[in-house]
Amino acid sequence: MKIALYNALSCGGCDLIFFLEDLPGSFLEDLEIVFWPEVCDHREEVLRNLPEKGLEAALICGAIRTRDQEKRVLLLRNKARRLAAVGSCALYGGIPGLLWEKGEGPRPVTEVVSCEVAVPGCPPEPKTLREALEALLREEDSGGKDRGPVCEECPRTRRPFRIGRLKKWGGEEVLSGDCFLARGIICSGPVTRGGCGAVCPGAGYPCGGCYGPLEDLAGERLLSALASGVLPARADEFLEGLVDPVGTFFRFFLARSPLLRLRKRRDEEDTA
Amino acid sequence: MKPVLIGFLCEWCAARALENMAHKRLKLPDGFLPLRVRCSGAVEPALLTEALRRGALGVLVGGCPRGHCHYREGNTRAEIRLKVYRKLLAALGLSPDRVRGVWVGSGEGERLHREIWQFWKELTGEDRPL
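As they're listed, the protein sequences go chains A and B. Per the working numbering, the first sequence starts with residue 104, numbered consecutively. Per the working numbering, the second sequence starts with residue 14, numbered consecutively.
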């Protein structure tokens with residue numbers, strides 16, 4: 104089976120899991136990696152010389168920033184029968200997508216080409232990657248859309264809460280085993296799609312939202328969930344503690360926010 | 014495209030203030046589209062983004078005066094949410110003044126009328142385009 108792997112704008116963490124984890128046996132049997140710039144071949148001719156749909160599958164990590172990256176991805180779409188977008192950057196823009204806060208940023212792969220298989224995560228949990236590769240082999244489309252929020256998988260104790268001052272991560276709040284939100288630490292669990300097994304909250308770190316939005320406009324929904332829980336008398340304190348609203352509410356999916364398109368439209372009108 | 018200002022008005026105060034204004038035959042801007050909601054606290058930020066995304070120039074959220082919410086603290090929550098949402102807009106380089114809260118009693122039709130026109134002028138005006 105011929106496959107290609109490509110890494111656009113990302114940290115390379117998604118590539119690493121291909122080495123570290125036990126991938127499905129049937130996937131590794133009879134596997135021929137034609138193109139993988141980091142490890143083997145990086146020449147574009149290799150891809151261009153292939154017949155159309157000559158690749159069984161291509162796995163793409165990272166977001167698209169340059170014209171060159173876009174061309175590569177379009178070429179891969181043309182040559183590969185099935186395309187898998189791996190990691191938050193490829194699916195939602197991920198951390199590099201935060202570049203949009205102050206100007207032009209990268210686009211997710213899914214906005215440039217259509218992908219059959221989605222592997223969310225930053226980086227994806229081994230289990231998620233394995234399931235996605237198995238789906239790829241079974242010729243199924245997979246996006247994990249049937250999952251509920253991370254909170255459903257979270258081992259921490261839930262209880263009703265009101266928020267006063269926001270707290271930084273660390274100390275007694277982490278050790279308590281209580282829901283982070285109830286302790287005044289921002290956690291994206293309620294608006295993030297599950298599937299990771301809530302590993303971060305389980306290990307004592309609040310969810311950042313790397314498995315992607317549960318519904319559209321997830322950033323606004325997290326804002327709503329938090330702001331609605333604020334004690335009115337301490338609203339100013341809360342607002343002061345919210346130093347980075349964009350990074351807090353849109354950490355992994357800013358590149359997909361409609362608010363950006365709004366700004367782009369305004370900028371275009373300004374220049375026109 | 015014709016400029017549009019969406020108004021989410023709570024049915025207990027702001028929407029009644031609008032009726033009160035209608036009795037006085039006061040004229041509203043052509044692009045003002047009022048929507049009656051159960052409570053200003055029911056207007057979630059995702060709705061604001063949706064309205065702006067679909068081309069609204071501004072969004073006005075009208076609720077009961079402070080401390081007079083029919084559901085005790087709906088307007089308080091709406092106000093906090095608006096504050097946080099405006100902070101988000103500012104951080105993204107958008108004008109936070111495109112989203113605004115107005116807290117009026119059911120008899121304050123004239124004040125609501127004033128507020129709407131003021132907002133409308135700021136949105137469409139030559140000197141202060143938002």
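Positions of the beta carbon are idealized from the N, C-alpha and C atoms, including for glycine. Bear in mind that the values here come from a model prediction, so they are computed numbers and not experimental data.
Exercise. Would you tell me roughly how many angstroms separate the C-alpha atoms of P93/A and E32/B, rounded to the nearest one?
Key: Outside the displayed span of chain A (104 to 375) sits residue 93/A, for which this structure offers no information.
Below 9 Å on C-beta distance, what does K100/B contact in chain A?
L342, L345, P348
TODO: In the DSSP assignment, find the alpha helix (DSSP H) that holds P293/A and state where it starts and stops.
DONE: Boundaries for P293/A: no alpha helix (DSSP H) harbours it, and the DSSP string shows neither H nor E there.
Three-state secondary structure assigned by DSSP to D281/A:
strand
Which residues of the stretch 178-208 of chain A have a Cβ closer than 7 Å to any Cβ of chain B? Give them in chain order.
E204
What is the C-beta distance between L186/A and L179/A, in whole angstroms, given that I count them as a contact (C-beta under 8 Å)? 7 Å
Between which two residues does the beta strand (DSSP E) containing C303/A stretch?
Careful: C303/A lies outside any beta strand (DSSP E), inside the alpha helix (DSSP H) at 302-306.
Test: R366/A CB closer than 8 Å to a CB of chain B:
The beta-carbon of R366/A is placed less than 8 Å from the nearest beta-carbon of chain B.
Looking at C218/A and C164/A, is the spacing between their C-beta atoms short of 8 Å?
no
Please tell me whether E255/A has its Cβ less than 8 Å away from any Cβ of chain B. no
inquiry  = Distance cutoff 8 Å, beta carbons only. Does P58/B sit that close to anything in chain A?
reply    = Interface residue, yes.
Roughly how many whole angstroms lie between the Cα atoms of C225/A and H83/B?
-> 45 Å
Notebook entry, point to check: Would you call the CB atoms of A69/B and L18/B closer than 8 Å?
Noted result: yes
### Cβ separation of L61/B and G20/B, assumed to be a contact under 8 Å, to the nearest whole Å
The pair is not a contact, with the Cβ atoms about 12 Å apart (cut-off 8 Å).
When you compare the CB positions of V294/A and R265/A, do they come within less than 8 Å of one another, or not?
For V294/A and R265/A, no; Cβs fall outside 8 Å.
Segments assigned alpha helix (DSSP H), at least 4 residues, entirely inside the stretch 201-227 of chain A: 212-215
Nearest-angstrom beta carbon gap, W139/A and L119/A [assumed within contact, 8 Å]
With a Cβ gap of about 13 Å, L119/A and W139/A do not count as contacting.
- [ ] Say whether chain B places a C-beta atom closer than 8 Å to the C-beta of P293/A.
- [x] Chain B contact via Cβ: absent.
*asked:* Please list, in chain order, the chain B residues whose beta carbon lies closer than 8 Å to that of F352/A.
replied: Result: L101.
Use the C-beta contact count for Q172/A: other C-beta atoms within 10 angstroms, 16 or more gives buried, fewer gives exposed. Around the beta-carbon of Q172/A, 16 or more other beta-carbon atoms lie within 10 Å, marking it buried.
8 Å is my cut-off, CB to CB: does L269/A come that close to chain B?
no
DSSP state of S245/A mapped onto helix, strand, coil | strand
Per DSSP, what kind of secondary structure is G114/B in: helix, strand or coil?
Strand, per DSSP.
Review point. Hey, quick one: how far does the alpha helix (DSSP H) through K15/B stretch, first residue to last?
Key: Premise fails: K15/B is in no alpha helix (DSSP H) and is neither H nor E.
Checklist line | Expected contact under 8 Å - CB spacing of P335/A and E86/B to nearest Å | finding: P335/A to E86/B, Cβ: 7 Å. Contact.
Under 7 Å Cβ to Cβ from W133/B, same chain only, skipping five residues before and after it: list those, please. L18, P42, F45
Exercise. According to DSSP, is N152/A helix, strand or coil?
Worked result: N152/A: coil per DSSP, three-state reduction.
| said: I need the boundaries of the alpha helix (DSSP H) containing R184/A, first residue and last residue. | reply: Careful: R184/A lies outside any alpha helix (DSSP H), inside the beta strand (DSSP E) at 183-189.
- Kindly identify the DSSP beta-bridge partner or partners of R49/B. L22/B
Exercise for the section: Decide yes or no for the touch test of the stretch 227-246 of chain A against the stretch 263-283 of chain A: beta carbon pairs closer than 8 Å, at least 3 of them. Expected result: no
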